[in-house]
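Engineer: Residue numbers (my numbering): 1 to 147.
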Amino acid sequence: MSDFQFKLGMYMPELGLPFDDALALAKDIGADSVWFTSMGDETPVAEMSDAEADRMAARVGKHGLELHVIAAGSPFKGLHLADLDLDTMQDDPAFRKEFEAIVRSMQIAARLGVKTVNAFTFAWPGEYSAGKPTWPMRWLTRGGIIA
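1. Going along the chain, which residues of its own chain have a beta-carbon closer than 6 Å to the beta-carbon of residue 36, five neighbours each way excluded?
2. Using 8 Å as the threshold, is the C-beta distance between residue 72 and residue 45 below it?
3. Would you mind working out which of 115, 77, 82 sits nearest residue 97, comparing C-alpha positions?
4. Beta carbon of residue 10: closer than 7 Å to some heavy atom of the ligand ZN?
5. What are the partner residues of residue 70, as DSSP defines its beta bridges?
6. Start and end of the alpha helix (DSSP H) containing residue 103?
7. Determine which residues share a DSSP beta bridge with residue 33 and list them.
8. Considering only residues of the same chain and omitting the five flanking positions on each side of residue 52, which have a CB-CB separation below 7 Å?
9. Around the C-beta of residue 95, are 16 or more other C-beta atoms found within 10 angstroms, so that it is buried, or is it exposed?
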């Protein structure tokens, strides 16, 4: 039998608490690490200055926790890849905003020594419309829905 012990990580916004209260509860529950995209009145990760990122990491460390992942929102989750033109997508305002959030995530992660950055793989056509049907099949059948 292995002596390996799993580590518990927690997505803190689910707690609905102020940042430091959520950190304390995460530690009390037994979490080893935490992650979040934004926390109530705190500066969203994508908008943090280096000093704010440093303070955020210090607050996490003060509770005996580690940052599991840096997540600046949900980059690319709501963008439909089929709506972007490959030749000009770098000029699309929505794409630029999401891309810059990922870049900022990488900068903060490198600064803080966090090895993981959160990103998504774009939305499938119909994913956030039409009652959110089974999107892979909707894409495959160009509009068909599995009942």
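Idealized CB from N, CA, C, for every residue including glycine.
Predicted model, so just to flag it, every value in this text is computed and none were measured.
Structural biologist: Once the coordinates are examined:
1. 12, 13
2. yes
3. 77
4. With respect to the ligand ZN, the structure shown offers nothing to examine, as it has no ligands at all.
5. 117
6. 93 to 112
7. 9, 66
8. 43
9. buried
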